[in-house]
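In my numbering, the protein residues as written are 284 to 726. Just so it is clear, CB atoms sit at the ideal spot from N, CA and C, and this is done for glycine as well. Small disclaimer: the values here were computed from a predicted structure and weren't measured. One structure is given below, encoded as structure tokens.
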């Protein structure tokens, strides 16, 4: 691997930059809400200078991170930037905000993949596991506190609160993040590590990992988030698939499921958690019926189909129904910041779904190209992770349980989601790269 010829001091410097990038994902919202509310707009892009520094430092150190995927995305973005200014919305700042997503953040996943060792990946996971404990207590405090409370203050010190409508009069808490999606993304990411440590790492402190697993269970109803529920379920499915014919592990997971059922029953019987559980189940049932139709499993399948295939169908319908110009409406227009700059208010000017946004912004040719690049990257990582799973290394596979949808169809237009995509995909690639026979060169 080319990292072997790079100075250790450069590698250490890049690793520190990556850690700073992640810390800013976690605490950007806290800065915007509680510490420096007067600078909330500027802090929205606080990670951009770090990303630019990482790109420049990696290049100066001789790290070859630009592969086929990065080159293709770079080319598509440059074309989309100029078509936005000449044919689309004509707003330089909106186009620049949209272009920064793929110009300076997307390539970071390959830098992380090159410089993080297996020890770095596990150390990162342990940090996330430890942080989940205070994070769930903050989430609990926000859930049971009124939106006017300081702990629920919104960005810019907004006294209306940062929570988002949930159920039974309770709001979805944002944790340290600016919006509730960050809290769901954090615990979804933590779930992949927690499950991996529970079943595949013997050296980790058992009290710590069991406590974090308990906190993850608590976070699901407290978050009132179906996204978190489905993410944890997906990580569990990946775990089951990873077991193969390992009878010892199968017995372990059955025992764990029984234990979780007992824990869930105990939690449900506690008055302090009955409220959050009722709010979650009410939100889950009502929203599922509205989006998927039917009840029970039928509703869950309906929601999954609508969220995944619905976004795909909407995107492809735009290609053929004549409602979209060939070059789209302009990169950046589908973001919240783009909406604010163009109309003075936050709204979905193009589409709420990621693929619909991409096609609407850059048109059918570039949009379909970007979708194909993301799909190709996703399934390349799936193939390599599965091959390593067969070779008895489940780490890339379990990290993929979170990063799969972040790469394939995750919403990159929202800064916090973008940050979690970068870290999730980067760490998954790093887990693949730690095997010397692998070299992630891209297309």
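With a cutoff of 7 Å on beta-carbon distance, residue 707 and residue 472 are scored as near each other. In the DSSP annotation of this structure, residue 427 is not part of any beta strand (DSSP E); the continuous alpha helix (DSSP H) holding it starts and ends at 401 to 427. Taking the C-beta atoms as reference points, residue 431 is found no nearer than 7 Å to residue 672.
Membership of residue 666 in any beta strand (DSSP E) is not indicated; the residue belongs instead to the alpha helix (DSSP H) covering 637 to 673. About 14 Å separates the CB atoms of residue 461 and residue 434; that is not less than 8 Å, and the two are not in contact. Between the stretch 351 to 359 and the stretch 641 to 657, the count of C-beta pairs closer than 8 Å reaches three or more; the two stretches touch. Across the set 465, 693, 377, the C-alpha of 377 shows the shortest separation from the C-alpha of residue 625. DSSP places residue 454 within a strand segment (E or B) once states are collapsed to three. Shown here, residue 341 sits in a helix according to DSSP, grouped into three states.
Fewer than three Cβ pairs drawn from the stretch 612 to 624 and the stretch 310 to 323 lie within less than 8 Å of each other, which leaves the two stretches out of contact.
For residue 412 against residue 491, the beta-carbon gap comes to about 7 Å, under 8 Å, which counts as contact.
Excluding five sequence positions before and after residue 374, the CB atoms of its chain that fall closer than 7 Å to its own CB belong to 624, 625, given in chain order. At the C-beta level, residue 712 and residue 452 stay beyond 7 Å of one another. With contacts defined as CB atoms closer than 7 Å, residue 502 and residue 477 fail to qualify as a contacting pair.
The count of Cβ pairs closer than 8 Å, one atom from the stretch 364 to 372 and one from the stretch 325 to 335, stays below three, leaving the stretches out of contact. With contacts defined by Cβ atoms closer than 7 Å, residue 714 and residue 679 form a contacting pair. Under the DSSP assignment, residue 706 falls in the alpha helix (DSSP H) whose first and last residues are 698 to 716. Sorting 368, 670, 692, 685 by C-alpha distance to the C-alpha of residue 650 places 692 at the top. Under the three-state reduction of DSSP, residue 348 is assigned to coil, being neither helix nor strand. With a threshold of 16 other beta carbon atoms within 10 Å, residue 464 meets it and is buried.
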